[in-house]
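Data block below; observations after.
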Amino acid sequence: MAKYAYRKIGTGPLIDACELALNQKGKYYCTTPGCTASMHTRSLEKESACFVSDNINEHINPRICQVKDSFNFYKYDESKFNLFDCFNYILSTPQQPQNQERVPRRQIGENETEELPIRTLKTLYEMCIQYRAKGYYNNYKIDDILVDDYNFNQYKDNICGERIVCCTFYQYDKTNSTISMNYLSDYQNKNFENAKHIKLIVKNNMFEKCLNKLFDLTHENIVVVAGNWNSSNEEDILAECEIYSVGKQICNA
């Protein structure tokens with residue numbers, strides 16, 4: 001299910017399903033760039049109002065289009081989202097105090113629920129895909145959070161600060177406990193021609209665990225890595241970050 005859609009193929013204005021009335025049912029279209037898949041409305045005038053694909057096979061990019069189905073936007077309170085707190089949890093080391101893992105909703109009364117903010121990497125990534133067409137979530141720009149092929153030109157020369165990055169396995173160095181990844185300009189067509197390389201410096205004796213999660217002979221499986229990225233002294237490395245928790249900092253795209 002998607003929160004946003006277009007009335008015309010590939011062009012705005014962006015339509016929010018939650019703002020449609022019951023008499024505004026009709027044909028809408030996917031917001032993924034280049035996708036022409038048609039969609040219809042569901043549960044209008046409810047908090048779970050959304051757009052649903054007429055035929056999932058019409059979508060051109062399963063990685064992007066289908067991930068939208070995974071984020072139940074109505075379960076999270078957008079106004080409570082704080083990017084600093086989110087990264088503070090994801091990137092905290094075992095020695096640092098950590099906030100408790102979030103649950104989608106916590107019962108607070110007989111007929112009430114409390115919506116909580118996004119916390120985990122997987123949910124953060126799914127939110128970025130869902131809200132990319134809008135461009136921001138609680139006033140945080142999506143392009144300042146997610147680094148992938150859609151904003152390759154913005155990050156091809158530098159990735160710095162707290163970001164989540166889509167990448168594929170490149171190579172590993174067991175001696176130095178590092179794993180290098182590909183950052184591509186076009187994941188859908190597996191375009192490695194302009195690929196940049198980023199490095200993961202694995203801490204806490206977790207190298208084997210991290211390698212088992214990332215190793216891929218095809219170099220095509222896309223994963224998302226959360227890190228506090230810095231420039232590298234190595235000429236062929238665009239950026240690098242430290243990995244303290246495989247479970248919190250790495251997930252499949």
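Heads up: the sequence shown begins at 1 in this note's numbering, then just goes up one per residue.
Beta carbons are placed, not taken as given, at the ideal position from N, Cα and C, and that holds for glycine.
Treat the numbers as computed from the prediction; the structure is a model and nothing was measured.
- Annotation: the continuous beta strand (DSSP E) that includes V52 extends over C50 to S53.
- T31 counts as buried, since at least 16 other C-beta atoms from the protein chains shown sit within 10 angstroms of its C-beta.
- The C-beta of A195 has 16 or more other C-beta atoms within 10 Å across all chains shown, which makes the residue buried.
- When Cβ pairs closer than 8 angstroms are counted between the two stretches, the region 81-93 is seen not to touch the region 50-61, the count staying below three.
- Annotated as distal: G26 and I60, with beta-carbon spacing of 7 angstroms or more.
- Residues C251 of the same chain have their beta carbon placed closer than 6 angstroms to that of K122, with the five preceding and five following residues left out of the count.
- A residue is called buried once 16 or more other Cβ atoms fall within 10 Å of its Cβ, and G247, having fewer, is exposed.
- Beta bridge pairing from DSSP links H40 with V52.
- If you look at V246, you'll find it in the alpha helix (DSSP H) that goes V246 to Q249.
- Judged by beta-carbon spacing, N230 lies beyond the 7 angstroms limit of E162, meaning their Cβ atoms are not closer than that value.
- In the structure shown, the three-state DSSP call for T32 is coil.
- Counting every other CB atom within 10 Å of its CB across the protein chains shown gives I9 a total below 16, marking it as exposed.
- For the pair I129 and K46, the CB atoms are not nearer than the 7 angstroms cut-off.
- Shown here for C166: same chain residues with a beta carbon closer than 6 angstroms to its own, the five before and five after excluded, namely D148, I222, V224 and A253 in chain order.
- Across the set S70, R119, R42 and K203, the C-alpha of R119 shows the shortest separation from the C-alpha of K80.
- When secondary structure is reduced to three states using DSSP, N228 falls in the strand class.
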